[in-house]
Amino acid sequence: MWWKHQIAEHEVRQGLRNRPKIRFHQRGKVKGENLYIALCQSDAGRYLTIFFIYKISRVALVISARDMDSSERARYAKK
């Protein structure tokens, strides 16, 4: 994620711990492993959009992360 969006792994972990707003994005290829989007904020206040698969093993597999766009920030603010 760093090379494409300059987001460090620790920022992603922080965002997922800091009360993210999570929504379903699309059905996964493996039954029960769907793609979700988390709108969240790092400890430093950076607004993040994180794409992840919630695995059957109850582990989140992070696919990508980037800075929120303006429409996502508005949706996150309505939290």
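Start counting the sequence shown at 7; every next residue gets the next number (this note's numbering).
C-beta atoms are modelled at their ideal positions from N, C-alpha and C, and glycine is treated no differently.
Annotation: the stretch 23-78 contains the following complete segments of the beta strand (DSSP E) (minimum length 3 residues), in chain order: 27-32, 41-47, 53-60, 66-73.
Take the alpha-carbon of serine 63 and the one of glutamate 39: they are about 9 angstroms apart. CA-to-CA, the gap between alanine 66 and aspartate 75 works out to about 23 angstroms. When secondary structure is reduced to three states using DSSP, glutamine 12 falls in the coil class, being assigned neither helix nor strand. For valine 68, the CB contacts under 7 angstroms within the same chain, skipping 5 residues up- and downstream, are Val18, Ile56, Phe58 in chain order. The Cβ neighbour count for glycine 21, taken over all protein chains shown within 10 Å, is at least 16; the residue is labelled buried. The C-beta of alanine 14 has fewer than 16 other C-beta atoms within 10 Å across all chains shown, which makes the residue exposed.
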